[in-house]
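Chains A and B, in that order, are what the protein sequence lines are. Residue numbering for the first sequence follows the working numbering, beginning at 46 and increasing consecutively. Residue numbering for the second sequence follows the working numbering, beginning at 40 and increasing consecutively. Think of the CB as a built atom: it goes at the ideal place given N, C-alpha and C, for glycine as much as any other residue.
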Amino acid sequence: NAGVTQTPKFQVLKTGQSMTLQCAQDMNHNSMYWYRQDPGMGLRLIYYSASEGTTDKGEVPNGYNVSRLNKREFSLRLESAAPSQTSVYFCASSYTGLDEQYFGPGTRLTVT
Amino acid sequence: GENVEQHPSTLSVQEGDSAVIKCTYSDSASNYFPWYKQELGKRPQLIIDIRSNVGEKKDQRIAVTLNKTAKHFSLHITETQPEDSAVYFCAASPAGTALIFGKGTTLSVSS
């Protein structure tokens with residue numbers, strides 16, 4: 046079991062560029078999540094998918110879009126990157142919203 | 040929406056002492072309260088959780104208490120060890136769909 050995997054691990058973008066962060070899990074989990082982590086701000090929920098075919102906004106969704114491609118995969122897209130989106134992005138998954146979340150290794154994104 | 044406040048933001052203790060981290064939440068409908076530990080450069084990992092029908096839960100040196108009336112819950116670590124040094128996050132689950140995290144507590148245990 047690989048658990049939760051994320052690609053890429055590191056990325057540098059210029060302002061205005063777009064990119065997609067990929068996340069996949071092999072634990073047959075129903076729910077998947079995207080967080081961003083900034084110093085002193087904790088983990089902030091960007092979007093989540095409670096089940097295949099559904100997505101919902103979290104605390105900080107502006108500037109992002111998501112796609113639940115299938116049960117295994119949940120991608121996060123930045124259409125026009127801004128320096129304020131410089132952060133570490135974590136994907137996570139769980140059976141339901143009331144179960145342990147398993148986190149991926151994170152993607153460190155820098156927008157210049 | 041749900042708001043989770045966590046205190047203190049930093050905590051320094053001597054090895055062998057106890058450490059207590061406190062969180063408050065705003066949404067009375069929240070019913071699941073996990074705690075995650077994140078070591079430097081690593082991903083968060085669950086250390087203990089509690090559900091709203093339980094007041095206290097223990098796992099070896101770690102315990103969590105929940106007061107639903109006051110809307111607060113706490114993490115207690117006894118006999119702290121240097122390997123307990125990490126950032127600890129509390130969280131609450133409004134409507135059982137996702138987690139809202141506190142801003143974290145950096146615990147430093149010195150030997």
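**Message:** In the DSSP output, what is Q82 of chain A paired with across the bridge?
**Reply:** A:L88 and A:V133
**Message:** Given a cut-off of 8 Å on the beta-carbon distance, is the pair V126 of chain B and Q77 of chain B in contact?
**Reply:** yes
**Message:** Let me check understanding here. Comparing Cα to Cα, which of B:L146, B:K81, B:G80 and B:G94 lies closest to P121 of chain B?
**Reply:** B:L146
**Neighbour list for Y93 of chain A in chain B, Cβ cutoff strictly below 8 Å** = T136 and A137
**Request:** Whole angstroms is fine: what's the gap from V59 of chain B's alpha carbon to Y80 of chain A's?
**Result:** 26 Å
**Message:** Any contact between the segment 104 to 120 of chain A and the segment 145 to 156 of chain A? By contact I mean 3 or more CB pairs, one from each, below 8 Å.
**Reply:** no
**Prompt:** Taking Cβ positions, are G98 of chain A and Q130 of chain A nearer each other than 8 Å?
**Reply:** no
**Prompt:** Can you list, in chain order, the residues of the segment 95 to 120 of chain A whose Cβ is nearer than 9 Å to any Cβ on chain B?
**Reply:** A95, D101, G103 and E104
**Request:** Measure the C-alpha to C-alpha separation of Y167 of chain A and P47 of chain B and round it to an integer number of angstroms.
**Result:** Shown here, chain A extends from 46 to 157; a query on residue 167 of chain A therefore has no answer.
**Prompt:** Taking N106 of chain B as the reference, which of B:Q99, B:V93 and B:V43 has the closest Cα?
**Reply:** B:V93
**Item:** C-beta atoms of Y93 of chain A and T136 of chain B nearer than 8 Å
**Value:** yes
**Item:** Counted within 10 angstroms of its Cβ, other Cβ atoms place M77 of chain A as buried (16 or more) or exposed
**Value:** buried
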